[in-house]
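>
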Amino acid sequence: MGGLQQRTALGRTTLSQALNGHGVPSEATLVALAKALGVDVGPMLALREAAVRMPQVREVFARSVSRRAVRPRAQPSFEERYLS
42 MGGLQQRTAL
52 GRTTLSQALN
62 GHGVPSEATL
72 VALAKALGVD
82 VGPMLALREA
92 AVRMPQVREV
102 FARSVSRRAV
112 RPRAQPSFEE
122 RYLS
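Here the working numbering is used: the first residue of the sequence shown is 42, the next is one more, and so on.
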């Protein structure tokens, strides 16, 4: 996490929120992450755009993230790992 923080020049909180699914990351955050990881930012920006257009999806996702924080499981399901 520290190495990624240095390579992106993002704050610890911003990076943590982006990686843990708390809200929709900004375009600048996604660009910094993609550059640091050496990946194409296009798919990440497309997913962000879809999330911004669908507020009900953000609400459901936010609730599921909150529930996971309250009731952690020993091993997340495939679907939970895939969503995150």
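Think of the CB as a built atom: it goes at the ideal place given N, C-alpha and C, for glycine as much as any other residue.
State the Cα-Cα distance for the pair MET42 and GLU120, rounded to the nearest angstrom.
Using only the alpha carbons, I get a separation of about 24 Å.
> For VAL72, which three-state DSSP category applies?
If DSSP states are grouped into helix, strand and coil, VAL72 belongs with the helices.
> Answer yes or no: do LEU45 and GLU68 have a C-beta to C-beta separation smaller than 8 Å?
Contact: no.
> Which one of ALA92, GLN47, ARG122 has the shortest CA to CA distance from ALA77?
Checked all of ALA92, GLN47, ARG122; the closest Cα to ALA77 is GLN47.
> Take ARG53 and list the residues in its own chain whose beta-carbon comes closer than 7 Å to its own, dropping the five residues that flank it on each side.
Excluding sequence neighbours, ARG53 sits near GLN46.
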